[in-house]
Amino acid sequence: GRVEAIFEGEREKVELLIAFCRRGPPSARVTGVDVQWEEHTGEFRDFRIKYLRV
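When we follow the numbering used here, the leftmost residue of the sequence shown carries the number 82, and every step to the right adds one.
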């Protein structure tokens, strides 16, 4: 499968989230994490999980 995440916030906290993504939960097998840094826009103010079936 594939997971896409968009994080926005303090750089230190975003880096912690990226580190978690590289490890993943115990039942996951993470083979790669691509990171693209962009300017902070303030666009995101909440958190939601969307499941898409392909």
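Virtual Cβ for every residue (Gly too), placed ideally from N, Cα, C.
CA-CA distance, Gly90 and Glu96?
-> Here residue 90 refers to the residue found at position 9 when the sequence shown is read from its first residue. Here residue 96 refers to the residue found at position 15 when the sequence shown is read from its first residue. Whole-angstrom Cα-Cα distance: 10 Å.
For Val114, three-class secondary structure by DSSP = In the sequence shown, the residue the question calls residue 114 occupies position 33. Looking at Val114 - three-state DSSP - the assignment turns out to be coil, as it is neither helix nor strand.
DSSP-derived helix/strand/coil call for Val95 = Taking the sequence shown and counting its residues from 1, one reaches residue 95 at position 14. Helix.
Go through its chain and collect everything with a Cβ distance to Val84's Cβ below 7 Å, but skip five positions before and after it.
-> Counting from 1 along the sequence shown, the entry for residue 84 is found at position 3. Cβ neighbours of Val84 beyond the five flanking positions: none.
Backbone secondary structure at Arg129 - three-state DSSP = The residue labelled residue 129 in the question sits at position 48 within the sequence shown. In this structure, DSSP gives Arg129 a state outside helix and strand, which the three-state scheme calls coil.
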